[in-house]
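One structure is given here, and the rest of the page talks about it.
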Amino acid sequence: MSEKKQTMKDDYLWDRSGKPDPEVQKLEAALGRYRHNQPAPSFEKIRDLRPVKQHWSIFSLRWSYQLGAVAAVVLLAATVFLVLRPKPTENAGPSWAVARLEGTPRVGWHSVGEKSGPVKMGIGQTLVTDGSSRASITLDETGRVEVDAGSRLRLVTNGPGRKRLSLERGTIHATIWAPPGEFVVDTPSAVAVDLGCVYTLHVDDSGAGLLRTTMGWVGFKLNGQESFIPAGAVCKTRPKIGPGTPYMEDAPASFLDALSRFDFESITPAERNALLGILLADARKNDALTIWHLLSRVSDADRQGVYDRLASLAPPPAGVTRNGILRLDRPMLDSWWNSFGFGDIYLWRTYERDWSQHPSTDK
Amino acid sequence: MERQAVTVWPVAESREDDSLVSAARDGDRAAFGRLYDRYARMVHGILLARVPPREVDDLVQEVFLLALRRLHALRDVSRFGAWLGTITRNRANDYFRKEIPAERVTDPVSEDQAESRTTNRTAELEAKMILALVRALPEAYREPLILRLVEGMTGPEIAERTGLTHGSVRVNLFRGMRLLREKLDEAAGSQGLSAT
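As you go down the protein sequences, you meet chains L and D in turn.
Residues in the first sequence are numbered from 97 upward in steps of one, following our numbering.
Residues in the second sequence are numbered from 20 upward in steps of one, following our numbering.
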């Protein structure tokens, strides 16, 4: 595109002057549905919000004692109610609708046949697909999950702003439009937290898993070990070990073989050093994602070499120093990640803390 | 519903804003209502960049009520936009610190509405996906992009309303758009989602 044409397009993005940019126009049309359209509240009718100066007298003081006594009784009653009331269940949100795609999937004891229509899936219920059946589950405000043959998927929680499934085995394809961090899938060897938007998760009979992101990015976590998997990347996970180091699908075979052994095999320190050497030597610019993860997975002594290699593939942004990275300074690591353009790690730090606070979530 | 078109920022408005803020600070609620009309899209956009869309409308009202309560503490009336933006970002952060509010009951829909929803289903899903992509961009980019593409504000208007310089809004808008195009291209490859 010529410089003049590009400038005209930029003008449209900037102030809508110049020749319209069709791509921006389409985005405006698609996103316009979210535009603000609420009328102003009647601010005139809102009573004065400033604190009002009190005028005390003996008369009002007597009344204040009586009011205080009433307030104490109300407070006591409210406390008793709060303690004794039935606790809200986690099933406060709308139901997930299970639909048949092929064969006869089951939800609990209910078969989802060709003529039965969608079936609601409740907390604790398990969707089972045999070797010849497939199903989809949909929740309007959250997303859609397709469940391949040979899968077992259980609904763990369905609270407002928090949907949690457990994939015991099999394969799901998730397309999620809920805000990042709301949709979580447990597997036997890691927890997958959606950070928006499309991914495939597979769990085999041993509990080992594989997560492949096709759009947006996903966080994988177990016992404090975190992996971030952006579009085009894959991450393996193993029981008792947790998520491995994510890698780009098109990485060289030697690189992938070394990474798999580095992450999951029981090896001597010398072998580990040799594998790290292969990883650093074979890494391409696209593999900066993998090398960034290695920074926090190698010993202090090895970290210098990892830093140097990553700096040569993706120079650290302003404010990120060698010393800071060598001591694993969190803000600097985050800033370097953000410079890759895969997604703002602020999302993970915000939402990860949120779901980790849930009593049953931090595996 | 036909949405409001992109607005062009009249320079004289900023002086008028100062008068409105002064009047509102002195208790003129009608003046505050006019400030709402002028700044609600900015507040809405900043919130939409951070919290679930279903919560945004209620939070907009909360932010303005909070601003009304604290307006007497604003010293420099010309900084109203930046001040309001800070209140909005803080409220969005508070949203995640507090318990997630109970989900509202979905109102039953009429047959016409249901049919229209089905017809618009593809467009609705596409919009959700695009918004999710924008919201996944670095913080510096997602706010100006949402103000421009969702709220229909122009670059100069974003700068005036938020109190940022034209230069920084321009840079973030263009860099953010470039990153968004890359994400859309990736998405188009995997899901048939396309901005072109």
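Glycine included, every Cβ here is placed at the ideal spot set by N, Cα and C.
Under the three-state reduction of DSSP, Glu345 (chain L) is assigned to coil, being neither helix nor strand. Burial of Thr309 (chain L) is indicated by the presence of at least 16 other C-beta atoms within 10 angstroms of its C-beta. Here Gly171 (chain D) is not near Leu192 (chain D), since their CB atoms are 8 Å or more apart. The Cβ atoms of Glu278 (chain L) and Lys259 (chain L) lie closer than 8 Å to each other. Pairing Arg60 (chain D) with Phe139 (chain L) gives a Cβ-Cβ distance that is not under 8 Å.
As a beta-bridge residue in DSSP terms, Pro339 (chain L) pairs with L:Thr333. For His206 (chain L), there are no C-beta contacts with chain D under 7 Å, since the nearest C-beta of that chain is about 24 Å from it.
The beta carbon of Ala178 (chain D) does not come within 8 Å of any beta carbon belonging to chain L, so the residue lies off that interface. Note that the segment 368–382 of chain L touches the segment 396–410 of chain L; at least 3 beta-carbon pairs, one per stretch, sit closer than 8 Å.
Between the segment 305–323 of chain L and the segment 419–426 of chain L, the count of Cβ pairs shorter than 8 Å is below three; the stretches do not touch. Taken through DSSP and simplified to helix, strand or coil, Asn382 (chain L) comes out as helix. Here Leu87 (chain D) is buried, its C-beta having at least 16 other C-beta atoms within 10 Å. Residue range 72–89 is occupied by the alpha helix (DSSP H) that includes Gln80 (chain D), with no beta strand (DSSP E) assigned at that position. Residue burial is scored here from C-beta neighbours: Leu150 (chain D) has at least 16 other C-beta atoms within 10 angstroms and is therefore classed as buried.
One thing to note: Pro339 (chain L) has its Cβ within 8 Å of the Cβ of Leu318 (chain L). DSSP places Ile177 (chain D) in the uninterrupted alpha helix (DSSP H) bounded by 174–181.
Judged by their CB atoms, Tyr130 (chain L) and Pro163 (chain D) are not nearer to each other than the 8 Å cut-off.
When the Cα atoms are used, Leu251 (chain L) and Arg240 (chain L) turn out to be separated by approximately 14 Å. Taking 8 Å as the CB threshold, Thr181 (chain D) stays off the interface with chain L.
Looking only at L:Gly292, L:Leu263, L:Thr271, the smallest Cα-Cα distance to Val281 (chain L) is reached by L:Leu263. Flagged as an interface residue toward chain D: Met311 (chain L), by a C-beta distance shorter than 8 Å. Under the three-state reduction of DSSP, Ile106 (chain D) is assigned to helix. Contacts with chain L at 8 Å (Cβ-Cβ) include Phe51 (chain D). The beta carbon of Asp76 (chain D) sits closer than 8 Å to some beta carbon of chain L. In the structure shown, Thr184 (chain D) falls within a coil segment according to DSSP collapsed to helix, strand and coil. Residues Ala43, Arg44 of the same chain have their beta carbon placed closer than 7 Å to that of Leu90 (chain D), with the five preceding and five following residues left out of the count.
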